[in-house]
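The structure appears right after this line, and notes come after that.
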């Protein structure tokens, strides 16, 4: 794989511009803002979780299962990972 200069990822001058572009993106969002957004999302998810109803076996349907993967048909809005 050889990086293409068309995408600005080869050569010294383009890496410097990529670095400054990344730096300006990072500076645009403060750590406090990220933490605040994360806490708001966690709060929202906790509220949804508290108001959800329990699932029964009939709500989940196994579509495919082998030694490596399982495919499950589940109701919309049901999370596929805990917490």
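In this note's numbering, the protein residues as written are 67 to 149.
Where a beta carbon is used, it is the ideal one built from N, C-alpha and C, also for glycine.
Cutoff 6 angstroms; reference residue i; Cβ partners in own chain excluding five residues on either side
{"i": "residue 139", "result": "127 and 129"}
Spatial distance of residue i from residue j (CA atoms)
{"i": "residue 114", "j": "residue 132", "result": "32 angstroms"}
{"i": "residue 120", "j": "residue 134", "result": "27 angstroms"}
{"i": "residue 136", "j": "residue 143", "result": "19 angstroms"}
{"i": "residue 104", "j": "residue 111", "result": "11 angstroms"}
{"i": "residue 109", "j": "residue 116", "result": "11 angstroms"}
{"i": "residue 123", "j": "residue 96", "result": "45 angstroms"}
{"i": "residue 101", "j": "residue 107", "result": "10 angstroms"}
Close beta carbons around residue i, own chain, < 8 angstroms, minus the five adjacent residues each side
{"i": "residue 141", "result": "121 and 125"}
Inset, instruction - Go through the region 97-123 residue by residue and report every complete run of the beta strand (DSSP E) that reaches 3 residues or more, in order. - result: none
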